[in-house]
Amino acid sequence: MTTTYAVLSEGLEKRYGADVHALRGLDLAVAEGTVCGVLGPNGAGKTTAVRILTTLTAPDAGTALVAGHDVLTDPRAVRRSIGVAGQYASVDGELTGRENLRLFAKLLRIRGPAGRARADELLERFELTDAADRAARTYSGGMRRRLDLAASLLTRPRVLFLDEPTTGLDPHSRNQIWRAVRELADGGTTVLLTTQYLEEADRLADDIVLIDRGRAAHRGTPAELKARIGSYAEVVLAEEPTEAAAETAILAAAAVLDQLTGAEPALDRERRTAGAVAKDPALTLPRLVRELDAAGVPVADASLRPPTLDEVFLRLTDRTDPRAPHTPHRHDEPHDERHDKEHAA
Amino acid sequence: MNAIAYDSGAVLGRHLQRIRHAPGVVILTQAMPINMLLFFGYVFGSALAMPGEQYRAYLVPGLLAATAAGGIMTGMFQASQDVQRGVMDRFLTLPMSRVAVPLGQTAADLLTTAAGMVPLLLVGLAVGWRIEGGVLGALGALGLLLLFRFAANWVGTYLGLLIRNEEAAGQLGATTFILPLLSNAYIPAEGLPGWLRVVAEWNPISALAAAVRDLCGNAAPAADAAWPVAHPVAGSLLWSLLLLALFVPLAVRRYARSDA
Numbered sequence: 013m014t015t016t017y018a019v020l021s022e023g024l025e026k027r028y029g030a031d032v033h034a035l036r037g038l039d040l041a042v043a044e045g046t047v048c049g050v051l052g053p054n055g056a057g058k059t060t061a062v063r064i065l066t067t068l069t070a071p072d073a074g075t076a077l078v079a080g081h082d083v084l085t086d087p088r089a090v091r092r093s094i095g096v097a098g099q100y101a102s103v104d105g106e107l108t109g110r111e112n113l114r115l116f117a118k119l120l121r122i123r124g125p126a127g128r129a130r131a132d133e134l135l136e137r138f139e140l141t142d143a144a145d146r147a148a149r150t151y152s153g154g155m156r157r158r159l160d161l162a163a164s165l166l167t168r169p170r171v172l173f174l175d176e177p178t179t180g181l182d183p184h185s186r187n188q189i190w191r192a193v194r195e196l197a198d199g200g201t202t203v204l205l206t207t208q209y210l211e212e213a214d215r216l217a218d219d220i221v222l223i224d225r226g227r228a229a230h231r232g233t234p235a236e237l238k239a240r241i242g243s244y245a246e247v248v249l250a251e252e253p254t255e256a257a258a259e260t261a262i263l264a265a266a267a268v269l270d271q272l273t274g275a276e277p278a279l280d281r282e283r284r285t286a287g288a289v290a291k292d293p294a295l296t297l298p299r300l301v302r303e304l305d306a307a308g309v310p311v312a313d314a315s316l317r318p319p320t321l322d323e324v325f326l327r328l329t330d331r332t333d334p335r336a337p338h339t340p341h342r343h344d345e346p347h348d349e350r351h352d353k354e355h356a357a
Numbered sequence: 037m038n039a040i041a042y043d044s045g046a047v048l049g050r051h052l053q054r055i056r057h058a059p060g061v062v063i064l065t066q067a068m069p070i071n072m073l074l075f076f077g078y079v080f081g082s083a084l085a086m087p088g089e090q091y092r093a094y095l096v097p098g099l100l101a102a103t104a105a106g107g108i109m110t111g112m113f114q115a116s117q118d119v120q121r122g123v124m125d126r127f128l129t130l131p132m133s134r135v136a137v138p139l140g141q142t143a144a145d146l147l148t149t150a151a152g153m154v155p156l157l158l159v160g161l162a163v164g165w166r167i168e169g170g171v172l173g174a175l176g177a178l179g180l181l182l183l184f185r186f187a188a189n190w191v192g193t194y195l196g197l198l199i200r201n202e203e204a205a206g207q208l209g210a211t212t213f214i215l216p217l218l219s220n221a222y223i224p225a226e227g228l229p230g231w232l233r234v235v236a237e238w239n240p241i242s243a244l245a246a247a248v249r250d251l252c253g254n255a256a257p258a259a260d261a262a263w264p265v266a267h268p269v270a271g272s273l274l275w276s277l278l279l280l281a282l283f284v285p286l287a288v289r290r291y292a293r294s295d296a
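Below, the structure written as structure tokens:
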């Protein structure tokens, strides 16, 4: 073996009933010791993929190896090698944080004082010591997620699966989870995380796989994915005395952007901006300004910058809303208000 | 085998911890048959042809049998709650025995039921029920009750794994109170119209209640009843074993592939 893959799947297929084709031949390859971010809209198949890789669901077709073990023929060996945290694989809300960790330590054969010590160590590490003897159902969302993560780290797993680990969390909790994931990765743990937050993938992942309609549509490092499409062109318009004039100006700017980029521009009338991802990587700022000038658009500012992963995502999946569900199924991720607002513009 | 015992013990410990945190649920569950004993025994008892004291003595074994059948409800609720809240998924991703989760849960239920039957027995003795079949008979009755509770809890666990939703399980569970009504638990089945009597006598709860009455020396089995009630000890034993033989494998299989 030259490159060792902690996760290797080929042609994974999964149907739920007659209508939902959650996975249509998913190939994944996550090198040992790396962090792989799996991105995709709701219903793209992210959760189904994680459920198959963690032995919770059997695929209809295809193969998957996790830590070198086949999920179908040797699920016990897979389970010995993995940790799972996220939307599911939850702890018992009626037990305290400490009782939960001790229970799972026991089931992972960390017996007696060793199990109790490991539980205390993880409570300390995730800043849960003060809440350790309270029922887990009284925890905040962030504390709960930290406890879930702690429960999946009792044995120092070789491969850690995180299914949307920070969905709905406040920035502080999110940072705590991110830091923990980075530390684990630095310590050699392979991490596969699904997320809807492109920022999260950008910050944590060595490699990104973009799942769309049950297949890996694109893959690469965050930088590679961003390079695959051109820059993001944004125009800020000068202030206009009347609303009608402002409208004319923004529509004129949109027309120029449309012509130059070949992409539908996003308009923000409040901030007087129009922007679009340029299809042509050769688009330059002088050309943009010249064209705007020629069209008589009253420009206050214009810029070309590298696209965010959000923009990459929208462009590569050819979708107007990253959360638009097109194959709804029963493992749909919980709806997240905050994230929607970021995209309302 | 050792792994099954160890893992089941851990899961059993989990359920006992849950009870320690919320003893109210258990106390309310145990209070229910006592309330019914007092209500049925004194309200209905005064309107029935059977003298009140005699009816209350008739009622106690019936309520014990109904309590045992209540295992369906608790099993259903616990299993569907664990599925819905993702606790089952956590267990399923651990390298632990596949039998341990349902087995630990049903074993914990058995322990709490055994403890919970004590107050009902005491109130029963206070309102006129007597154990006249000797210690062995009483122990035999207790054994049959607990065996049936265990079986009913496995039935419930299987149903809960199918339902996967605690609210739905709670609502369906609430309707299981009609099961003992369609048996000889609260009223003698002999007085029921033909077809209803057949249904009642083939209800496993009837065999169990009749067995408790027989073993405690309260009433001899009705010779003209359907076979399980005419031979209530064997009948009840067979009912429990039949349910276990069916639902233990069903529940374990269902648990191990809980996604489908």
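These protein sequence lines map, in sequence, to chains P and E. For the first sequence, the working numbering assigns the number 13 to the initial residue and increments by one for each residue that follows. For the second sequence, the working numbering assigns the number 37 to the initial residue and increments by one for each residue that follows. We put the beta carbon where it would ideally sit given N, CA and C, even for glycine.
Check the C-beta distance from residue i over to residue j and give it rounded, since I have them as a contact under 8 Å.
i	j	result
ALA247(E)	LEU99(E)	About 14 Å separates the two Cβ atoms, so there is no contact after all.
ASN254(E)	ALA93(E)	6 Å
LEU249(P)	ALA266(P)	Contact doesn't hold; Cβ gap of about 10 Å is too wide.
LYS26(P)	THR60(P)	5 Å
ALA229(P)	THR329(P)	7 Å
VAL301(P)	GLU323(P)	The Cβ separation is near 21 Å, so there is no contact.
TYR17(P)	ALA43(P)	6 Å
PRO131(E)	ARG92(P)	4 Å
ALA101(E)	PRO216(E)	7 Å
Does DSSP put residue i in a helix, in a strand, or in coil?
i	result
HIS230(P)	strand
ALA102(E)	helix
SER21(P)	strand
ALA83(E)	coil
ALA73(P)	strand
ARG123(P)	coil
ALA89(P)	helix
HIS347(P)	With a pLDDT of 38 at HIS347(P), under the threshold of 50, the predicted position of this residue should be treated as unreliable, and no value is reported.
HIS267(E)	coil
LEU166(P)	coil
GLY253(E)	coil
GLY111(E)	helix
THR65(E)	helix
GLY49(P)	strand
GLY37(P)	strand
THR329(P)	helix
THR390(P)	What the structure shows of chain P is the stretch from 13 to 357, and residue 390(P) is not part of that stretch, so it cannot be assessed.
GLU226(E)	helix
TRP190(E)	helix
PRO240(E)	helix
ARG335(P)	Reliability fails at ARG335(P), whose pLDDT of 41 lies under 50, so the model's placement of it is uncertain and the value that follows must be treated cautiously. Looking at ARG335(P) - three-state DSSP - the assignment turns out to be coil, as it is neither helix nor strand.
Which residues in the same chain as residue i place their Cβ atom closer than 8 Å to its Cβ, once the five residues preceding and following it in sequence are excluded?
i	result
ARG290(E)	TYR194, LEU197 and LEU198
LEU107(P)	LEU115, ALA147 and ALA148
LEU180(E)	LEU244, ALA247, VAL248, LEU251, VAL269, SER272, LEU273 and SER276
LEU74(E)	VAL159 and VAL163
SER243(P)	VAL289, ALA290, PRO293, LEU295, LEU316, ARG317, PRO318 and PRO319
Excluding the 5 residues preceding and the 5 following residue i in the sequence, name in chain order all residues of the same chain whose CB lies nearer than 6 Å to its CB.
i	result
VAL265(E)	GLU237, SER242, ALA243 and ALA246
GLY271(E)	ALA243 and PRO264
VAL90(P)	THR67, VAL78, HIS81 and VAL83
GLY209(E)	MET109, MET112 and PHE113
LEU304(P)	VAL268 and VAL311
PHE283(E)	TRP190, VAL191 and TYR194
LYS238(P)	PRO318, PRO319 and VAL324
For residue i, which residues of its own chain have a beta-carbon under 7 Å away from its beta-carbon, when the five flanking residues on both sides are left out?
i	result
ARG134(E)	VAL288, TYR291 and ALA292
ALA150(E)	LEU182
THR46(P)	THR202, ASP218 and ASP219
ASN112(P)	VAL103, ASP104, ALA148, LEU159 and ALA163
LEU196(P)	LEU172 and VAL203
ASP182(P)	GLY154
Going by DSSP, name the residue or residues bridged to residue i.
i	result
THR15(P)	None; THR15(P) has no bridge partner.
SER315(P)	GLU246(P)
PHE173(P)	VAL96(P) and LEU204(P)
TYR28(P)	VAL32(P)
ALA43(P)	TYR17(P)
ASP82(P)	LEU77(P)
ALA147(P)	THR108(P)
Taking only runs of the alpha helix (DSSP H) that begin and end inside the segment 206-294 of chain P, which ones reach a length of at least 4 residues, in chain order?
210-216, 234-240 and 255-273
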